[in-house]
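Here the sequence shown stands for residues 0 to 275, where the numbers follow numbering that gives the first Met the number 0.
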Amino acid sequence: MKSIIYYFTGTGNSLSVAKKIAATLEECELVQISSMKDTACDIVPEADRVGIICPVYFTGLPAMVASFADRLYLGRVEYVFSVVTNGGGGGISTLTQLDSIIRRKSGRGLSAGYSVMMPGNYILMYEPPTGEKQDNILSSAENEIQRIIDDVRQCRKHPLHRSLLWSLLHAILYSWFISGVHNKDRKFSVSNKCTSCGICTSVCPADNIELIDKKPVWKHQCELCCACIHLCPVEAIQAGKKTAGRIRYRNPEVTVSELRNIPPLSGEGITDEISP
0 MKSIIYYFTG TGNSLSVAKK IAATLEECEL VQISSMKDTA CDIVPEADRV GIICPVYFTG
60 LPAMVASFAD RLYLGRVEYV FSVVTNGGGG GISTLTQLDS IIRRKSGRGL SAGYSVMMPG
120 NYILMYEPPT GEKQDNILSS AENEIQRIID DVRQCRKHPL HRSLLWSLLH AILYSWFISG
180 VHNKDRKFSV SNKCTSCGIC TSVCPADNIE LIDKKPVWKH QCELCCACIH LCPVEAIQAG
240 KKTAGRIRYR NPEVTVSELR NIPPLSGEGI TDEISP
């Protein structure tokens with residue numbers, strides 16, 4: 000049974016989950032959603048089982064993931080699952096949003112949907128958990144991931160939960176988030192500590208950063224994943240004054256090299272139209 004797992008990640012939480020699930024499936028391909036961000040035509044995966052794994056941003060999907068899902072045709076796929084990682088809730092509303100997009104596009108929804116709590120990384124608002132607190136979150140996540148793996152291997156259905164409260168929060172918070180997300184990088188700055196290593200440019204899933212005069216410049220296509228802030232080895236990138244001195248985070252099971260953005264895919268699994 001061929002499987003494809005599409006993932007979007009900033010500091011590695013969602014990639015960690017994707018890797019663990021993929022390692023237990025025969026003939027499974029991991030695909031960065033960012034590698035298909037410039038694909039205008041329909042994406043039709045040649046697989047029997049498809050997974051979509053991403054973080055929760057303000058009770059909903061990252062902008063790039065929502066756009067990707069709107070171009071993903073899954074009408075011929077036997078089993079479709081999703082895992083969303085979150086640092087403080089919103090999984091229910093995010094899965095509901097994804098399910099609605101897939102139903103509109105493909106005439107079928109998710110076979111199974113899961114939300115896994117991970118260490119939060121939204122450093123613009125708070126400091127990521129460290130030490131024992133981080134360890135406990137990751138340990139609980141590991142137990143949940145193992146249960147998800149068992150379901151996915153068996154293609155077991157897992158109905159989505161619905162919540163009026165999260166739907167209302169989504170209607171308020173997500174609308175605010177999605178309307179201005181690409182310009183959130185206007186708050187970002189770089190200090191003289193910058194060594195021009197280029198890590199920020201390589202890990203940005205939106206290809207939103209380039210080095211000009213050996214310093215990062217943001218192009219206002221931000222996804223607000225915060226990878227550039229967290230992964231700078233000398234902590235030279237800030238988003239206002241509040242991020243200075245805050246602990247940076249990277250999922251301990253993912254390396255910086257694994258988080259580097261790969262060139263866009265060309266051709267494979269993509270078609271200009273959907274044939275009946």
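Each residue gets a CB set at the ideal place from its N, CA and C atoms; glycine is no exception.
Residue span of the beta strand (DSSP E) that contains residue i, given as start and end
i: threonine 84; result: 78-85
i: phenylalanine 7; result: That residue, phenylalanine 7, is in no beta strand (DSSP E); it is neither H nor E in DSSP.
i: arginine 48; result: 48-54
i: glutamine 237; result: 236-238
i: cysteine 27; result: 27-31
i: alanine 111; result: 111-116
i: glutamate 209; result: 208-211
i: serine 188; result: 187-189
i: valine 216; result: 214-217
Through-space distance from residue j to residue i, alpha-carbon basis
i: valine 16; j: arginine 103; result: 27 Å
i: lysine 213; j: serine 195; result: 5 Å
i: arginine 70; j: cysteine 53; result: 16 Å
i: serine 33; j: phenylalanine 7; result: 7 Å
i: glycine 88; j: valine 180; result: 19 Å
i: glycine 119; j: proline 128; result: 7 Å
i: glutamine 133; j: methionine 35; result: 32 Å
i: glycine 197; j: leucine 164; result: 42 Å
i: glutamine 31; j: lysine 240; result: 32 Å
i: leucine 29; j: lysine 18; result: 8 Å
i: isoleucine 91; j: leucine 123; result: 23 Å
i: phenylalanine 80; j: valine 115; result: 13 Å
i: lysine 156; j: alanine 243; result: 44 Å
Burial state of residue i, where buried means 16 or more other Cβ atoms lie within 10 Å
i: leucine 73; result: buried
i: serine 190; result: exposed
i: glycine 266; result: Low confidence applies here, because glycine 266 scores a pLDDT of 42, under 50, leaving its location unreliable and the question unanswered by this model.
i: methionine 63; result: buried
i: arginine 59; result: The question names arginine, but residue 59 is glycine in the sequence shown. It is buried - the Cβ of glycine 59 has at least 16 other Cβ atoms within 10 Å.
i: cysteine 40; result: exposed
i: arginine 249; result: buried
i: glutamine 153; result: exposed
i: methionine 117; result: buried
i: isoleucine 236; result: buried
i: glutamate 222; result: buried
i: leucine 279; result: Since the displayed the chain opens at 0 and closes at 275, residue 279 lies outside it and no answer follows.
i: asparagine 207; result: buried
i: valine 233; result: exposed
i: glycine 108; result: buried
Nearest-angstrom beta carbon gap, residue j and residue i [assumed within contact, 8 Å]
i: asparagine 142; j: threonine 84; result: 14 Å between Cβ atoms; not a contact.
i: isoleucine 100; j: proline 44; result: No, isoleucine 100 and proline 44 are not in contact; Cβ-Cβ is about 15 Å, not under 8 Å.
i: valine 49; j: valine 82; result: That belief does not hold up - the Cβ atoms of valine 49 and valine 82 are roughly 12 Å apart, past 8 Å.
i: tyrosine 121; j: glycine 86; result: 7 Å
i: leucine 172; j: phenylalanine 57; result: 5 Å
i: valine 55; j: threonine 10; result: About 14 Å separates the two Cβ atoms, so there is no contact after all.
Endpoints, the alpha helix (DSSP H) within which residue i is located
i: valine 16; result: 12-21
i: isoleucine 198; result: 198-202
i: phenylalanine 176; result: 174-179
i: alanine 65; result: 62-68
i: lysine 104; result: 90-105
i: lysine 132; result: 130-152
Residue i Cβ short of 6 Å to the ligand HEM heavy atom set
i: lysine 104; result: Among the components modelled here there is no ligand, and therefore nothing to report on the ligand HEM.
Worksheet item: Counting Cβ pairs, one atom from each stretch, are 3 or more of them under 8 Å apart for the segment 173-185 and the segment 217-232?
Response: yes
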